[in-house]
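In what follows, a structure is listed as structure tokens, so that the remarks can point back to it.
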Amino acid sequence: MKISIIGAGNVGSLAAMRIAQDRLGQVVLVDIVKGLAQGKSLDMDDARLFFSADYSIEGTDDIAKIKDSDIVVMTAGLARKPGMTREDLLAKNAQIVKDTCLKIKELAPEAILIIVTNPLDIMAYLAFKITGFKRNKVVGMGLSLDAARFANLIAKDLSVSLSEIEPLVIGSHGEGMLPLPRLTTVKGKSLLSVVGKEKADEFVKRTIGRGAEIVSHLGNGSAYFAPSAAIADLVKAIVSKDNQLRCACVYLEGEYGLKDIFLGVPCRLGKNGIEEIIQLELSDSEKQLFSIAANSLKAQYKYVQI
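Take the sequence shown: its letters are residues 1 to 306, numbered as in the numbering used here.
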């Protein structure tokens, strides 16, 4: 299994390390900054003894090295700065994604493409249109991270194990995300029934603001420990075919009454990429919020030239 990661910043390089440690395949780390991916890959290579793992990581500034990859992870792009929304990144990162996806289409036409670059839902849509890949071969990472944040906040507040929480988040990766307390379970019970609406709404608000909270503390750059773990988890799902439910950004062709849009919904991943999209029974209020997120995204498509 050949897994290429484009972008050797904090997210991309740490994702490469996690994927290599988990022995999911041969890793190629690519960055246009000469020497960056090479230096980081050598550093990661020197850690093999400590992990008792004979993993393989190749660093390069040559995009041609992704040729015939089975999985390509796209992390390249500008990071969000304090006060900057994900939408502010749209114009700057769109060109990066366009240029890179043309190379992916040429060099790795059979690959499963995982998009991480923000604003994620729009970049996933752009990548899908540029590559012309089948919809099961393009997936956005975003909501798997948001679901992890939702679960973490619940677990810490209620002093329960994360293994006892099954989080559900739909919508877009950003202010349009929709954590679902009614369908999220704690020890098999609905979060809403466990904590009540006021507390559940607090968890929702904190989850939506978690990324911005982290950015405000860092001052420069954005989160990378949890995002890199989310990437590795998606890669593991594809490689190991564990059939577990994940929240991820996928292309909808009628599911949830929506067409020609990338949005986050629960799904199952496997060797073919997206194996199944799960249709939830949403309440009227949840449907309304989901529709608002969809309309907001579609309104921004006009700013992306395909």
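Every residue gets a Cβ at the ideal spot worked out from N, C-alpha and C, and that includes glycine.
A quick note: this is a predicted structure, and the numbers were derived from the prediction, not measured.
Helix or strand or just coil, what does DSSP make of residue i?
i: residue 149; result: helix
i: residue 34; result: coil
i: residue 294; result: helix
i: residue 184; result: coil
i: residue 255; result: helix
i: residue 26; result: strand
i: residue 261; result: strand
i: residue 250; result: strand
i: residue 269; result: strand
i: residue 238; result: helix
i: residue 89; result: helix
i: residue 66; result: helix
i: residue 289; result: helix
Exposed or buried, residue i, counting other C-beta atoms within 10 Å across all chains shown (16 or more means buried)?
i: residue 50; result: exposed
i: residue 109; result: exposed
i: residue 225; result: exposed
i: residue 6; result: buried
i: residue 23; result: exposed
i: residue 33; result: exposed
i: residue 243; result: exposed
i: residue 254; result: exposed
i: residue 121; result: buried
i: residue 223; result: buried
Looking at C-alpha atoms only, which residue of the options is the closest neighbour of residue i?
i: residue 2; options: 52, 292, 70 and 93; result: 70
i: residue 190; options: 205, 77, 157 and 168; result: 168
i: residue 309; options: 261, 46, 238 and 260; result: Because the chain spans 1 through 306 in this model, residue 309 falls outside it and cannot be assessed.
i: residue 294; options: 269, 250 and 281; result: 250
i: residue 182; options: 176, 204, 164 and 175; result: 204
i: residue 66; options: 104, 185 and 98; result: 104
i: residue 123; options: 162, 152, 172 and 83; result: 172
i: residue 263; options: 13, 11, 176 and 269; result: 176
i: residue 261; options: 4, 118, 297 and 42; result: 297
i: residue 267; options: 259, 273 and 278; result: 278
i: residue 219; options: 274, 83, 44 and 202; result: 83
i: residue 43; options: 13, 302 and 64; result: 13
i: residue 68; options: 9, 113, 290 and 78; result: 113
i: residue 163; options: 90, 174 and 184; result: 184
i: residue 161; options: 174, 283 and 187; result: 187
i: residue 202; options: 178, 223, 118 and 215; result: 178
i: residue 118; options: 111, 9, 93 and 106; result: 93
Taking residue i as part of the beta strand (DSSP E), name the residues at either end of that continuous run.
i: residue 221; result: Careful: residue 221 lies outside any beta strand (DSSP E) and carries neither H nor E.
i: residue 4; result: 2 to 6
i: residue 140; result: 138 to 140
i: residue 108; result: It is not in any beta strand (DSSP E) - residue 108 carries neither H nor E in the DSSP assignment.
i: residue 59; result: 57 to 60
i: residue 171; result: 169 to 171
i: residue 178; result: 177 to 179
i: residue 71; result: 71 to 74
i: residue 113; result: 112 to 115
i: residue 281; result: Note, residue 281: premise wrong, no beta strand (DSSP E); not H, not E.
How far does the alpha helix (DSSP H) with residue i in it reach, from first residue to last?
i: residue 201; result: 191 to 208
i: residue 14; result: 10 to 21
i: residue 130; result: 120 to 131
i: residue 49; result: 48 to 51
Practice item. Spell out a yes or no on whether the region 146 to 163 and the region 121 to 130 are touching, meaning 3 or more CB-CB pairs, one atom from each, closer than 8 Å. Key: Because the criterion of three Cβ pairs below 8 Å is not met, the region 146 to 163 and the region 121 to 130 do not touch.
**Study point:** Cβ pair count under 8 Å reaching 3, the region 52 to 63 against the region 24 to 42
**Key:** Proximity of the region 52 to 63 to the region 24 to 42 meets the contact definition, three or more beta-carbon pairs being nearer than 8 Å.
Exercise for review: Examine the Cβ distances between the region 139 to 150 and the region 197 to 216 and report whether three or more of them are shorter than 8 Å.
Suggested key: The answer is yes - the region 197 to 216 touches the region 139 to 150, with three or more Cβ pairs under 8 Å.
Check your understanding: Per the contact definition of three or more C-beta pairs closer than 8 Å, is the region 245 to 259 in contact with the region 133 to 141?
Key -> In the pairwise beta carbon analysis, the region 133 to 141 is classified as touching the region 245 to 259: at least three pairs are separated by under 8 Å.
Review point. For the region 228 to 235 against the region 89 to 106, are there 3 or more C-beta pairs whose distance is under 8 Å?
Key: No, because fewer than three Cβ pairs between the region 228 to 235 and the region 89 to 106 fall closer than 8 Å, the two stretches do not touch.
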